[in-house]
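*Asks:* Submitted below is the structure of interest, expressed as structure tokens.
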Amino acid sequence: MERFYTALDAIIAMKKIRGVNTYCRLNEIDRRNFIAQRKDLDRGWFQVSWLQPMVKDYGVSARWLLLGVGKMFE
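Written as structure tokens, this is what we have:
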């Protein structure tokens with residue numbers, strides 16, 4: 008989960024999206040759950056489906072995201 012949020016921050020910093028609200032809206036993610044999960048990683052609301060747009064739309068390496076191996080972006 009930490010790599011997911013790190014990648015999200017990088018995508019926002021690169022201005023590929025405006026922010027968390029945009030990522031949630033575009034990918035039909037409940038923003039309240041998303042933000043609460045980030046504040047408390049033990050909360051248990053994280054969904055694997057949140058990863059898919061990062062890999063598909065923003066070029067984040069699935070290998071890095073899941074295993075921590077290689078570079079963040081392909």
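First residue of the sequence shown? That's 8 in the numbering used here, and the numbers climb one at a time after it. Glycine residues also receive a C-beta, built at the ideal position from the N, C-alpha and C atoms.
#1: Are the CB atoms of Met61 and Val55 within a distance shorter than 8 Å?
#2: If Leu72 sits next to Met8, beta carbons under 8 Å apart, how far is it from one beta carbon to the other, in whole angstroms?
#3: Might you give, ordered along the chain, the residues of its own chain that have their beta carbon closer than 7 Å to the beta carbon of Lys78, omitting 5 neighbours on each side?
#4: For Arg45, which residues from the same chain have a beta carbon less than 7 Å from its beta carbon, with the 5 sequence-adjacent residues on both sides left out?
#5: My guess is that Asn40 and Trp52 are in contact by the Cβ rule of under 8 Å, so how many angstroms apart are they, rounded?
*Replies:* Per the coordinate set shown:
#1: Note that the C-beta distance between Val55 and Met61 is not below 8 Å.
#2: The pair is not a contact, with the Cβ atoms about 10 Å apart (cut-off 8 Å).
#3: The beta carbon of Lys78 lies closer than 7 Å to those of Ser68, Trp71 in the same chain, with the five residues before and after it left out.
#4: Result list for Arg45: Tyr12, in chain order.
#5: That pair is a contact at about 4 Å.
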